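Mind the numbering: the sequence shown is residues 1 to 519 in my numbering, read in order.
Ideal Cβ placement from N, Cα and C applies to all residues, glycine included.
Since we're looking at a predicted model, the values are computed, not measured.
All remarks here apply to the structure that follows.
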Amino acid sequence: MSAVKTLNPKAEVARVHAALAVNNSAAWGLQDVLRTNLGPKGTMKMLVSGAGDIKITKDGNVLLHEMQIQHPTASLIAKVATAQDDITGDGTTSNVLIIGELLKQADLYISEGLHPRIITEGFEAAKEKALQILEQSKVSKEMDRETLIDVARTSLRTKVHAELADVLRGCRGLHFDEPIDLFMVEIMEMKHKSETGTSLIRGPVLDHGARHPDMKKRVENAYILTCNVSLEYEKTEVNSGFFFFFYKSAEEREKLVRAERKFIGDRVKKITELIKKVCGDSDKGFVVINQKGIDPLSLDALAKEGIVALRTAKRRNMERLTLACGGVALNSLDDLNPDCLGYAGLVYEYTLGEEKFTFIEKCNNPRSVTLLIKGPNKHTLNQIKDAIRDGLRAVKNAIDDGCVVPGAGAVEVAIAEALIKYKPIQAFVDALLIIPKVLAQNSGFDLQETLVTMKAEHTETDQLIGVDLNTGEPMVAADVGVWDNYCVKKQLLHSCTVIATNILLVDEIMRAGMSSLKG
């Protein structure tokens with residue numbers, strides 16, 4: 001009898017083999033769910049919520065976040081896999097597969113009487129050697145545009161179909177002469193036409209238009225003034241305490257209203273004087289984008305001067321505007337001068353149904369851009385959005401690492417072959433080979449035959465050989481531009497080994513906490 005039963009008769013306990021079986025079955029169950037998702041030829045999963053909402057995806061991170069996982073061990077593995085995505089942006093499905101396979105291989109040896117501690121020590125030794133081989137396998141190269149396109153395509157094709165991935169990879173707008181901030185890449189959805197209409201806008205796109213009917217819908221060569229200044233008169237409520245205690249008479253109130261109105265008018269006048277100064281008689285445009293409100297009288301005054309004014313812009317767009325167009329975001333008009341202005345070659349309003357969008361394009365060297373994703377329905381838009389986020393992070397990782405590793409299972413095969421020569425740690429080797437096996441299996445090829453030909457080709461050529469998922473034949477992944485992120489593979493080796501080791505060393509599962517025993 002378990003010692004905890006002596007202390008607490010109500011406790012539920014699973015001992016040694018039962019505990020291992022419980023943990024392993026959870027890992028294998030999660031592995032079976034995600035197994036068919038891996039790679040460009042992976043299948044989709046349809047998630048149906050309690051309210052009947054449908055989500056169709058093959059992104060492991062989305063699945064693990066959306067699924068209701070009740071088993072504690074499966075939940076632990078899911079959290080580790082999603083943490084992998086939070087850190088590196090990819091590798092969620094691979095994480096679950098490798099952890100499940102490590103436990104499956106270990107179970108074979110444990111059933112023959114080998115102690116889990118010996119297996120975990122072998123896993124640790126194999127991990128250290130695998131990291132050395134990964135370091136030798138990485139390809140350090142200049143991250144030129146073509147390499148980054150290949151990295152993005154490799155990531156995108158695992159999430160969306162190949163034709164759309166090729167469209168999306170053309171949406172490249174990162175400048176990497178300084179640290180990359182992916183928050184400066186706005187992803188905006190537009191339920192319109194087909195997904196192949198997705199495009200890169202080299203500037204911000206605002207999800208509202210001008211609020212005055214006489215304002216221009218399109219201006220070229222426009223100066224952009226971004227500000228956070230109130231241009232509206234906020235009337236005091238008549239029955240407020242402020243009204244009764246502050247004013248001695250109605251005349252005083254009217255006097256203050258006129259002063260307030262003049263104060264707002266002076267602010268508008270400063271803007272109109274600036275437009276005369278910078279534009280003169282030329283046909284250049286002038287756009288005011290204000291984070292605070294602009295009242296109808298001020299809008300009318302600005303419209304008469306040919307100024308396009310947008311009010312209540314989102315705070316997150318203000319920084320993007322200055323990064324894209326230049327200039328300075330002002331909190332006061334006291335320092336208003338031409339140096340504070342940004343520039344855009346084209347500003348226009350686009351109406352889609354009842355929604356209005358303002359496009360700000362042709363900016364000089366924009367450091368903030370917008371990816372405008374289009375699709376016929378919400379499912380398609382969500383799928384593209386998830387894929388684009390992963391693709392952007394893949395490109396960022398490649399730039400930060402300064403290197404890439406060949407994909408299509410090439411690194412896993414290379415590490416496996418090197419480990420066999422290093423020490424007899426077959427369990428770790430077989431677990432790593434789950435990646436090329438599943439890639440081949442999901443593409444409809446015989447996994448054993450594919451793996452044998454890959455190994456033979458690797459031995460003969462001494463190159464990093466992956467699997468061509470269109471033919472099932474071996475290929476040199478680097479030659480066809482199939483690249484994975486170095487940091488993703490490194491994190492995979494670390495986290496999978498640590499979690500598998502921890503699970504293997506569990507010899508007792510106890511449900512004996514205070515909350516589980518109440519009643």
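Over the uninterrupted alpha helix (DSSP H) stretch that includes residue i, give me the two end residues.
i           : result
residue 429 : 426 to 432
residue 76  : 72 to 88
residue 361 : Taken as a continuous stretch (DSSP letters only), residue 361 belongs to no alpha helix (DSSP H), being part of the beta strand (DSSP E) at 355 to 361.
residue 60  : 60 to 66
residue 318 : 315 to 325
residue 453 : 447 to 461
residue 389 : 378 to 401
residue 298 : 296 to 304
residue 497 : 486 to 504
residue 421 : 410 to 422
residue 111 : 92 to 111
Just mark residue i as buried or exposed, buried being the case when its beta carbon has 16 or more other beta carbons within 10 Å.
i           : result
residue 274 : buried
residue 505 : exposed
residue 63  : buried
residue 335 : exposed
residue 452 : exposed
residue 115 : exposed
residue 40  : buried
residue 123 : buried
residue 352 : exposed
residue 170 : With a pLDDT of only 47 at residue 170, under the threshold of 50, the placement of this residue in the model should not be trusted; the figure read from the coordinates follows. Residue 170 is exposed by the Cβ-count criterion.
residue 528 : As shown, the chain starts at 1 and ends at 519. That puts residue 528 outside it, with no answer to give.
residue 490 : buried
residue 508 : exposed
residue 364 : exposed
residue 218 : exposed
residue 136 : exposed
residue 315 : exposed
residue 437 : buried
residue 65  : exposed
Throw me the rounded Cβ distance for the residue i and residue j pair, which I believe falls under 8 Å.
i           : j           : result
residue 231 : residue 290 : 6 Å
residue 337 : residue 394 : Not confirmed; about 43 Å, so no contact.
residue 445 : residue 466 : Contact flag wrong, Cβ pair sits at about 13 Å.
residue 268 : residue 301 : 5 Å
residue 384 : residue 160 : 6 Å
residue 447 : residue 441 : 5 Å
residue 139 : residue 403 : 6 Å
residue 322 : residue 342 : 7 Å
residue 488 : residue 90  : 5 Å
residue 379 : residue 54  : 7 Å
residue 503 : residue 73  : 7 Å
How would you write the range of the beta strand (DSSP E) that residue i sits in, first residue to last?
i           : result
residue 474 : 474 to 476
residue 345 : 342 to 352
residue 127 : No beta strand (DSSP E) holds residue 127; the alpha helix (DSSP H) holding it covers 116 to 137.
residue 290 : 285 to 290
residue 146 : No beta strand (DSSP E) holds residue 146; the alpha helix (DSSP H) holding it covers 145 to 156.
residue 365 : Note, residue 365: premise wrong, no beta strand (DSSP E); not H, not E.
residue 191 : 185 to 191
residue 233 : It is not in any beta strand (DSSP E) - residue 233 carries neither H nor E in the DSSP assignment.
residue 466 : 465 to 467
residue 330 : From DSSP, residue 330 is part of no beta strand (DSSP E); its letter is neither H nor E.
residue 54  : 54 to 57
residue 222 : 218 to 227
residue 45  : 45 to 48
residue 201 : 199 to 201
residue 480 : Residue 480 -> no beta strand (DSSP E), and no H or E assigned at all.
residue 309 : 307 to 310
Whose C-beta lies closer than 6 Å to the C-beta of residue i among residues of the same chain, with five residues either side of it excluded?
i           : result
residue 216 : 308
residue 525 : In the structure as shown, the chain starts at 1 and stops at 519, and residue 525 therefore has no counterpart that could be examined.
residue 408 : 466, 467, 477 and 482
residue 100 : 27, 28 and 31
residue 463 : 476
Leaving out five residues on either side along the sequence, give the residues of the same chain with a beta carbon under 7 Å from the beta carbon of residue i.
i           : result
residue 69  : 75 and 78
residue 201 : 359, 361, 369, 370 and 372
residue 518 : Interpretation of residue 518 is limited by its pLDDT of 48, a score under 50 that renders its predicted location unreliable; the figure taken from the coordinates is listed afterwards. There are no such residues.
residue 346 : 220, 361 and 362
residue 214 : 303
residue 499 : 77, 80 and 99
Spatial neighbours of residue i within its chain, please: C-beta separation below 8 Å, excluding the five flanking residues on both sides.
i           : result
residue 501 : 120, 123 and 124
message: Count Cβ pairs between the segment 88 to 95 and the segment 416 to 433 that sit closer than 8 Å; are there 3 or more?
response: no
query: At a cut of 8 Å, does the segment 24 to 36 reach the segment 138 to 153 through at least three beta carbon pairs?
result: no
field: Cβ contact (3+ pairs, closer than 8 Å) linking the segment 98 to 113 and the segment 359 to 367
entry: no
message: Any contact between the segment 403 to 416 and the segment 127 to 147? By contact I mean 3 or more CB pairs, one from each, below 8 Å.
response: By the Cβ rule, the segment 403 to 416 counts as touching the segment 127 to 147, because three or more pairs are nearer than 8 Å.
message: Between the segment 190 to 201 and the segment 279 to 286, can you find at least three pairs of beta-carbon atoms closer than 8 Å?
response: no
- prompt: Are the segment 313 to 331 and the segment 219 to 227 in contact at 8 Å, needing three or more beta carbon pairs?
  reply: yes
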